[in-house]
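These notes concern the structure reproduced below.
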Amino acid sequence: MDCLALADEIIAGRRLGRGDDLQAFITVDIDGLKEGADRLRKHFCGDKVDLCTIISGRSGKCGENCKFCAQAAGRHTGCEVYDLLDDETIIETARANQAEGVDRFAIVTSGKSPSPADFERIVHVFEKMHRELNIELCCSLGFLTSEQFHRLHMAGVTSVHNNIETSRRFFPQICTTHTFDDKIANIKRALAEGLCVCSGGIIGMGETWEDRIDMALTLAELGIESIPINSLMPIKGTPLENEPRLSEEDILRTIGIFRFINPEANIRLAGGRALMSNNGEETFSSGASASITGNMLTTSGSTIKSDKAMLRALGRDTTPDWELPEKERSDYPYRYEVQAGAAR
């Protein structure tokens, strides 16, 4: 496989699909793969790096049984357990992230779906943030109805996060309390509402390279615009606690493959950055165009300030769109119109 020639074909309009022989990605020279992926990143995403932060709005006591997760009820992992945070804590965290120049802020909650009371509180806090702040708003709340997605959109939310986690084949080995089809249906409800969907998964859970390629193809078929790639950091007390840690080369190869299959998407460096040198710096010359940042359990050792300094040294632009004059804002990342009634 000539990765540079393939990159040029993709730039010219070719798209890879299930009818293509993609096995060569698994063994092709890693340096050529990285160079081709970076060429695609440069063409389709430019030098802008999209940064988002999250707050764990509700932690622990989850009734789902995802094997990678520390928050499943009954597991002895030492994770924090608390109910939905108060509005002011959430809003002030978003305000601080905005002050540091982050593109987007997300509320993440444990559990399959928020309770009706919690959902109403979440809508209220999004409405308040939308009135008072400029930072883009995102959420990761599990499974929601079409009406709930509409309510969030009206409240100012433009992006929704819902990982498919892995391939359809491997998914039952990771979770049995909901299905892969449940995930796809939830994503399609959010897309039908006109929301941007951020969806990716976790590598290093025992899946094969073919599973990783299948996950990338599924995301391409859904038209996902933001794809977070998490590398498993085995957590003591979870069923995956003894999984071997991924090598940096495996992570870089995965990111490169995802870029070739999803050339126009933001490939987002997410959890497991501690497995890589300098918190994953090399991924940004291997196809990655976005990152989760901030002080999070799975992103040990990185801060918004240090990430921005690293990216500036690479010649990347981390200026959020909301900070630019309207005429200078890009059409690419997440500039969705919020429906009438939710305008600032």
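The working numbering puts the sequence shown at residues 144 to 487.
Don't be surprised by glycine CBs; every beta carbon is placed ideally from N, CA and C.
Pair within 8 Å by beta-carbon distance, residue i and residue j
| i | j | result |
| --- | --- | --- |
| LYS255 | GLY217 | no |
| GLY458 | ASP190 | yes |
| PHE401 | ASP354 | no |
| SER202 | GLU223 | yes |
| ASP357 | SER310 | yes |
| LEU280 | VAL300 | yes |
| LEU375 | GLY344 | no |
| CYS195 | ALA249 | yes |
| THR397 | LEU412 | no |
| ILE404 | LEU360 | yes |
| LYS271 | SER429 | no |
| GLY399 | ALA180 | yes |
| GLY160 | THR461 | no |
| ASP193 | ASP226 | no |
DSSP-derived helix/strand/coil call for residue i
| i | result |
| --- | --- |
| LYS451 | helix |
| ARG411 | strand |
| SER420 | helix |
| ALA485 | With a pLDDT of only 43 at ALA485, under 50, the local geometry of the prediction cannot be trusted, and no value is derived from it. |
| ALA155 | coil |
| ALA456 | helix |
| SER434 | strand |
| VAL268 | helix |
| MET144 | coil |
| LEU467 | coil |
| LYS255 | coil |
| ASP172 | coil |
| PHE286 | coil |
| GLY179 | helix |
| ILE332 | Just to set this straight, residue 332 is Arg in the shown sequence, not Ile. It is helical. |
| GLN166 | coil |
| ARG238 | helix |
| HIS296 | helix |
| GLY227 | Sequence inspection shows Leu at residue 227; the Gly mentioned does not correspond to that position. In the structure shown, LEU227 sits in coil (DSSP, three-state: anything other than H, G, I, E or B). |
| THR441 | Because the pLDDT at THR441 is just 46, under 50, the model does not fix this residue reliably, and the value given afterwards should be weighed accordingly. Of the three classes helix, strand and coil, the one that applies to THR441 here is coil, per DSSP. |
| GLU243 | coil |
| HIS321 | coil |
| SER429 | coil |
| THR462 | coil |
Beta-ladder partner(s) of residue i, from DSSP
| i | result |
| --- | --- |
| LEU280 | PHE248 |
| CYS339 | SER302 |
| GLY344 | GLU308, ILE372 |
8 Å Cβ cutoff, residue i in contact with chain B
| i | result |
| --- | --- |
| PHE313 | Among the chains in the structure shown there is no chain B, since it carries only a single protein chain. |
Residue i: CB within 7 Å of a non-hydrogen atom of the ligand MG
| i | result |
| --- | --- |
| ARG157 | Although the ligand MG was asked about, the structure shown includes no ligands whatsoever. |
Note to self: Three or more C-beta pairs under 8 Å: does that hold for the segment 443-455 against the segment 200-213?
What the structure shows: These segments do not touch.
Notebook entry, point to check: Which ranges does the beta strand (DSSP E) cover as unbroken runs of at least 3 residues, wholly within the segment 184-225, from first to last along the chain?
Noted result: Fully enclosed beta strand (DSSP E) runs of 3 or longer: 193-201.
Notebook entry, point to check: Where are the beta strand (DSSP E) runs, 3 residues long or more, that stay fully inside the segment 352-405, in chain order?
Noted result: Fully enclosed beta strand (DSSP E) runs of no fewer than 3 residues occupy 369-374 of the segment 352-405, in order along the chain.
Checklist line | Three CB pairs or more closer than 8 Å across the segment 357-370 and the segment 383-395 | finding: Touching, no.
Check: Does the count of Cβ pairs from the segment 262-270 and the segment 224-243 closer than 8 Å reach three?
Finding: Yes, they touch.
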